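The structure appears below as structure tokens.
In our numbering, the protein residues as written are 16 to 281.
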């Protein structure tokens with residue numbers, strides 16, 4: 016099926032796979048002004064490519080949509096950037112079509128399909144470091160619930176401030192706009208039973224340069240989890256952006272832009 020896209024910026028093409036899971040790409044903005052022609056994909060079921068049957072939203076079912084878009088655009092090979100849950104699609108895409116991927120950038124990627132779970136130790140450290148923030152008392156109980164193993168959507172929604180380097184008005188508006196576009200039960204559909212599991216052998220055989228960018232105060236993934244994930248790939252470097260949360264292009268656009276531009280130019 017065809018998927019919609021937005022184009023921003025100038026330079027070499029960069030296919031961008033959004034996270035969420037299943038957010039329309041507007042939450043990414045221009046990714047801190049990356050010097051590239053961004054091709055921001057509207058995954059099936061999202062934005063101008065939605066709605067779709069929930070049974071068609073499992074992450075691996077998006078892979079051939081990405082390939083169809085790349086083929087129609089005539090990019091061969093092409094650089095691919097994925098954020099958060101979008102990494103599940105991008106990694107599977109690179110494994111299925113390695114000759115079409117020049118370089119792969121994984122920004123604060125979900126490591127769920129690599130068998131690496133959320134690092135709650137990092138979330139606790141972030142909570143303790145920000146316990147003097149004026150908004151902290153309102154989320155304290157939710158933090159404790161999540162640390163105790165809660166999977167309730169309300170508890171995880173309440174800990175949203177910890178996924179931003181700064182919980183200011185800009186971050187609040189970003190979070191509000193992102194929540195407004197969420198597909199109902201997105202995570203359940205995206206990670207539905209039957210999806211392929213990435214094996215260490217597959218990653219070790221992937222001969223594509225990979226950059227994994229983690230946020231210094233992010234818990235999904237934590238810097239330590241990012242380092243563990245990088246060791247599974249054949250050719251993967253890690254950069255930890257100081258003070259950044261899950262949306263590092265918002266916290267320090269110049270740092271973010273510089274690291275990724277240098278990698279893509281290499």
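Note that beta-carbon positions come from the ideal geometry of N, C-alpha and C, so glycine has one too. Keep in mind the model is a prediction, meaning the values are calculated, not measured.
* Name the residue from 17, 254 and 120 whose alpha carbon lies nearest to the alpha carbon of residue 78. => 17
* Asked: Using the C-alpha atoms, what's the distance from residue 174 back to residue 304?
  -> Past the edges of the chain, shown from 16 to 281, lies residue 304, and the structure says nothing about it.
* With a cut-off of 8 Å on the beta carbons, I'd call residue 201 and residue 138 a contact; round off their distance for me. => That belief does not hold up - the Cβ atoms of residue 201 and residue 138 are roughly 21 Å apart, past 8 Å.
* Near residue 187, which residues of its chain fall below 8 Å by C-beta distance, leaving aside the five closest residues on each side in sequence? -> none
* Asked: Under 8 Å between the Cβ atoms of residue 92 and residue 116?
  -> yes
* **Integer Cβ distance of residue 75 from residue 107, believed to fall under 8 Å** => 5 Å
* Asked: Quick one, are the C-beta atoms of residue 54 and residue 29 less than 8 Å apart?
  -> yes
* Below 8 Å between beta carbons: does that hold for residue 167 and residue 42? -> no
* **Environment of residue 61 [buried if 16+ CB atoms lie within 10 Å]** => buried
* Asked: Bridge partners of residue 94, per DSSP?
  -> 29
* Rounded to whole angstroms, what's the CA-CA distance from residue 97 to residue 155? Just pull it up for me. => 31 Å
* With a CB to CB cut of under 6 Å and the five nearest residues on each side skipped, what residues in its chain are close to residue 81? -> 108
* For residue 34, count neighbouring C-beta atoms within 10 Å of its own C-beta (all shown protein chains included) and say buried if the count is 16 or more, exposed if not. => buried
* Asked: Thinking C-beta only, is residue 110 closer than 8 Å to residue 217?
  -> yes
* **Those runs of the beta strand (DSSP E) which lie wholly inside the region 93 to 124 and span at least 3 residues** => 93 to 98 and 116 to 122
* Asked: Where do the ends of the beta strand (DSSP E) carrying residue 138 lie?
  -> Element bounds for residue 138: not the beta strand (DSSP E) but the alpha helix (DSSP H), 135 to 144.
* Completely contained beta strand (DSSP E) runs for the region 211 to 263, where each covers 3 or more residues -> 225 to 230 and 251 to 256
* Environment of residue 212 [buried if 16+ CB atoms lie within 10 Å] -> exposed
* Who are residue 19's beta bridge partners in DSSP? -> 57
* To do: Assuming residue 180 and residue 266 form a contact by the criterion Cβ under 8 Å, report the distance between their Cβ atoms to the nearest whole angstrom.
  => 4 Å
* Asked: Cα separation between residue 262 and residue 229?
  -> 10 Å
* Asked: Any idea which residues DSSP pairs residue 52 with across the strands?
  -> 28
* **DSSP-derived helix/strand/coil call for residue 200** => coil
* Taking Cβ positions, are residue 256 and residue 271 nearer each other than 8 Å? -> yes
* Asked: Should residue 135 be flagged as near chain C, meaning a C-beta pair shorter than 8 Å?
  -> Absence of chain C from the displayed structure is noted, only one protein chain being present.
* Kindly indicate which three-state DSSP category residue 6 falls into: helix, strand or coil? => Nothing can be reported for residue 6: it is not among the residues displayed for the chain, which extend from 16 to 281.
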